[in-house]
Structure formats: C-alpha cells, structure tokens
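What follows is one structure encoded as structure tokens, with my remarks underneath.
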Amino acid sequence: MKALLDLFKQVTQDEEFDAIKIGLASPEKIRSWSYGEVKKPETINYRTFKPERDGLFCAKIFGPIKDYECLCGKYKRLKHRGVICEKCGVEVTQSKVRRERMGHIELASPVAHIWFLKSLPSRLGMVLDMTLRDIERVLYFEGFVVTEPGMTPLNRGQLLTEDDYLAKLEEFGDEFKAGMGAEGIRDLLRSLDLNSEIEKLRVELDKTSSDTKIKKIAKRLKVLEAFQKSGIHPDWMILEVLPVLPPELRPLVPLDGGRFATSDLNDLYRRVINRNNRLKRLLELKAPEIIVRNEKRMLQESVDSLLDNGRRGKAMTGANKRPLKSLADMIKGKGGRFRQNLLGKRVDYSGRSVIVVGPTLKLHQCGLPKLMALELFKPFIFHRLEVMGLATTIKAAKRMVEAQEPVVWDILEEVIREHPVMLNRAPTLHRLGIQAFEPVLIEGKAIQLHPLVCTAFNADFDGDQMA
458 MKALLDLFKQ VTQDEEFDAI KIGLASPEKI RSWSYGEVKK PETINYRTFK PERDGLFCAK
518 IFGPIKDYEC LCGKYKRLKH RGVICEKCGV EVTQSKVRRE RMGHIELASP VAHIWFLKSL
578 PSRLGMVLDM TLRDIERVLY FEGFVVTEPG MTPLNRGQLL TEDDYLAKLE EFGDEFKAGM
638 GAEGIRDLLR SLDLNSEIEK LRVELDKTSS DTKIKKIAKR LKVLEAFQKS GIHPDWMILE
698 VLPVLPPELR PLVPLDGGRF ATSDLNDLYR RVINRNNRLK RLLELKAPEI IVRNEKRMLQ
758 ESVDSLLDNG RRGKAMTGAN KRPLKSLADM IKGKGGRFRQ NLLGKRVDYS GRSVIVVGPT
818 LKLHQCGLPK LMALELFKPF IFHRLEVMGL ATTIKAAKRM VEAQEPVVWD ILEEVIREHP
878 VMLNRAPTLH RLGIQAFEPV LIEGKAIQLH PLVCTAFNAD FDGDQMA
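Shown next as structure tokens:
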C-alpha cells in the first residue's frame, strides 16, 4: 500500500539557497545536460501532428507528448512507468519533463559566443590582448591569425591577409601555424597559459609608470585572474556544442484553419541546424575551401542570432520582416524574465488604486478603501475570528470574510489601529517614494492621500495610481 501511495505522490524538491552563481559551461557539461542530439530541423509531421524523430520536438529526446504514453501507443498507463519503448524509443513518463529536458547540437565547426565577443569591453579581446576589430576579422573569415609562430619572425596573434598568408607559406612552409574563424581563436585560447600570463602582467604592472598602461594591464589582469580563480577554461567561450532549450519553453501551438503559431526560437534553431548539416555535408564532400569558409561564417552568424539577435549587424527577421526574438531578448529589457516575472510579480496582501485628495486627513494618515483593507489584512482578521471563537477553522473564517459579515468590519477597525500600511508610487526614484501611513477606512474605491505629501511622491491627482 505504501508503495502505491509513493507512486502517486508528486516529487517536489524545495532546495533553499542564498545565491546563484553563473559561469561558463564546458562542452562536456552541455552534453551531460542533454538527453540526445537534435539532428534535423523538422518540428512536427503536419499530417499526423506527431513530433519528427531527431527533430526539434523529438519525443525520444525530450519526453512523451501525453502523460505515461509512448509515441507509437504500445505502452499506455502508469504501470509501464520508466519503460523505454523498443519501437519508438520514448520513455513512458510524465509529459511535463518536456519543460526541463534539454537537447544539444554537435557543431561541425566551433563558433564564438557573441556575448564574450561583443559585450564591451570584449572578453575575448581582453584575454587574447587583441582588438575587437581584429578578432571579428578572424571570426568572420576576413583574415588569418598566427597561432604558433614557430621559428619564424611572426608574432603570436598577428593578423595576416589572404595574400600575406600565401606569401608566408611559400617563404616559411609549415614552420608556422595560422588559423581562421573560431578554430583559429580557439587554438589561441587553448595555447594560453593563464599562470605565466598573469605572472608576466604583474611584472609589467610593477615596471610601468604610465597611467593608461596601468589601467589597461589591470583590466586584463582582472579578467585573467577571474578565469584562474573560477577554474573556467578560456576556450569555453568558443562553443563546440550548442544546448537546445526544452520544447515546452518554445512551443508550437495549433491555430484554427490548420495553421500553427510558433516561438521565434524554433526558427532560429532551425537555421542553425540547416547550416550545420549543410556544412557537415560540404566537409564530407571535400568542397572547395571558399565554399566551406562561407558556410562556416553563415553558421557563426546563425548562432549569433540565436543567442542575441541584432547584437552584430542586421537582425534576422521572420516572414513579416519583424526581428526574431532570441534567447537574450527573453532575459533582458522590460518584458524580459527579470523585470517582468521576477521583479514585477503580483503578490498577496497588496493592492493598487487611483489616488484622490484627502483634505480631512492628518499628515500621517491615508484613506484606505474598505474592500482593499479587507484584502490587505486578511490573515490578521482570520486569526482574530479564531481567537474570539467566532470561527472554528481558517476555512470558516474565510467564508465569514467573503460573506462580509458585520462582525468582520468591527474586527478590521481593531486590526488597522496598530498596523501602518506602506504606500508606493512608481517610479520609486528615491527613498521617499515609499512611505508608511496610518490607514483610515473610507467608502469608495480610491486611496485618499494628504496633499502635502504629494511632493515627495511626485504625485498629482490627474489619474495617478499608487500601490
């Protein structure tokens, strides 16, 4: 019986934590998050409406569409929980795993992460001691970079044009190594010895007296020491594996008339997969260098757009010429995760309303509409009703409050006597944007405010709202 109860018990783990640390993930780490490689750009089959295998919505990788039911229908119901269907390869489990299971794309050629390239100051530039312009020229296949000078007079990190490179090849043969694209930058990062580089910079810092040089060295030292301390390898800034977001977080929704509404991310992922597959095919066919280079550059651009569309050059657009919403756009700005969902949350025991002038109030008072006060002080009222023996349970107290029985209003009058409320007017630009007042119960639905406190809140009575 206990086993049966455990079976139906939802697994919820509440882990308490004080802080979140964000770092760079290694290719191995990204592969360990993943439940399978996404190889095809297809989403769903438009005849059967089932997800395509190895596609962006693949049930084998991300989990079943329906609770405890595999794709082909061989296994249904809870008793087969945990079984992996031998026909369609789908695990029999809850469909909500499609909100948490990630996939990955093995990139045919490494690509640079645009945040470490384009955010100022460029972290890639800092680590390699190169200018952003030079790194961009290498990444987007406009020039070569010397990765190993060998016994030649060339310098590590020196840029060469196509003609220079060919001339130097004739002159020195394979005495030196030079690369192009993200591979060249990755080789430079891999051959970087953090400890000796930091040591060299510290010695240089002691020797120099020029202010601008000190500033420049200190900045670079700070970045390199951060890498050293955190144990993150600088070459992880170049992606070899791309994580794929769980499908329920980038949904495909059927509309009336057989059409589908889809998240922009699916479009962006599809372009990456298409270009990646094409590049793989070109490499297998041993295509001419110029074609391969162009495809690698296009792959780099498609990954840039997926991570942060419009950060470099023109933004990728959809069918209606609207810029596509990338992963970074979901996080940043007013409509992003932080400001929209984490900071701007609606919470219990709060309310907002229009403000009107309250000339009869004392300076430390505010007029609070009765219904709003009832909502704000609910827990206190429930407690009082129980203590006074008017309600036996919280549920009974809740019913009394919802019915707005006369005794509730009397208790509310008592409760608000010793409880001030805090009034806030957005935007809260200084500490006086939030102040505490003694509430006075009033009829109506608007909050009354003393006219002399308006200046601090920068409030006026032409329709302002306060919370």
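Read in order, the letters of the sequence shown are residues 458 to 924 in the numbering used here.
Each residue gets a CB set at the ideal place from its N, CA and C atoms; glycine is no exception.
These numbers were taken from a predicted model, which means no experiment stands behind them.
What did DSSP end up calling residue i once you bin it into helix, strand or coil?
i           : result
residue 877 : coil
residue 634 : strand
residue 762 : helix
residue 822 : strand
residue 587 : coil
residue 861 : coil
residue 893 : strand
residue 603 : strand
residue 474 : coil
residue 908 : helix
residue 479 : coil
residue 691 : helix
residue 508 : strand
residue 685 : helix
residue 746 : helix
residue 577 : coil
residue 840 : helix
residue 922 : strand
residue 726 : helix
residue 569 : strand
residue 561 : strand
Residue i: buried (16+ other C-beta within 10 angstroms of its C-beta) or exposed?
i           : result
residue 528 : buried
residue 512 : buried
residue 783 : buried
residue 704 : buried
residue 852 : exposed
residue 824 : buried
residue 603 : buried
residue 759 : buried
residue 904 : buried
residue 469 : The predicted position of residue 469 is uncertain, since its pLDDT is 49 and thus under 50; no value can be drawn from it.
residue 516 : buried
residue 899 : buried
residue 620 : exposed
residue 625 : buried
residue 600 : buried
Among the options, which one has its Cα closest to the Cα of residue i?
i           : options               : result
residue 541 : 556, 525 and 553      : 525
residue 923 : 647, 747 and 829      : 829
residue 657 : 674, 648, 910 and 873 : 674
residue 501 : 509, 677 and 913      : 509
residue 831 : 767, 768 and 860      : 860
residue 646 : 795, 605, 665 and 770 : 605
residue 712 : 618, 482, 671 and 503 : 503
residue 573 : 619, 911 and 639      : 639
residue 506 : 744, 665 and 710      : 710
Below 6 Å CB to CB, which residues in the same chain sit around residue i once its five sequence neighbours on both sides are set aside?
i           : result
residue 532 : 540, 542 and 549
residue 551 : 524
residue 537 : 549
residue 591 : 616
residue 464 : Here residue 464 scores only 48 on pLDDT, less than 50, and its place in the model should not be relied on; the value that follows carries that caveat. Taken in chain order, the list of residues that qualify is empty.
residue 719 : 709
When you compare only the Cα positions, how much space is there between residue i and residue j?
i           : j           : result
residue 655 : residue 662 : 10 Å
residue 615 : residue 737 : 29 Å
residue 798 : residue 875 : 33 Å
residue 570 : residue 755 : 14 Å
residue 546 : residue 534 : 17 Å
residue 593 : residue 643 : 13 Å
residue 863 : residue 870 : 11 Å
residue 583 : residue 778 : 36 Å
residue 834 : residue 708 : 40 Å
residue 868 : residue 816 : 27 Å
residue 855 : residue 837 : 11 Å
residue 774 : residue 653 : 45 Å
residue 557 : residue 607 : 48 Å
residue 785 : residue 791 : 12 Å
residue 567 : residue 805 : 48 Å
residue 787 : residue 766 : 11 Å
residue 698 : residue 682 : 26 Å
residue 477 : residue 715 : 43 Å
residue 742 : residue 664 : 54 Å
Can you list, in chain order, the residues of its chain with a C-beta nearer than 7 Å to that of residue i? Leave out the 5 residues immediately preceding and following it.
i           : result
residue 918 : 812, 813 and 814
residue 894 : 821, 822, 823, 877, 878 and 880
residue 692 : 643, 646 and 647
residue 752 : 732, 735, 736 and 739
residue 489 : none
residue 769 : 571, 575 and 761
residue 842 : 848, 854, 857 and 868
residue 555 : 519, 520, 703, 704 and 705
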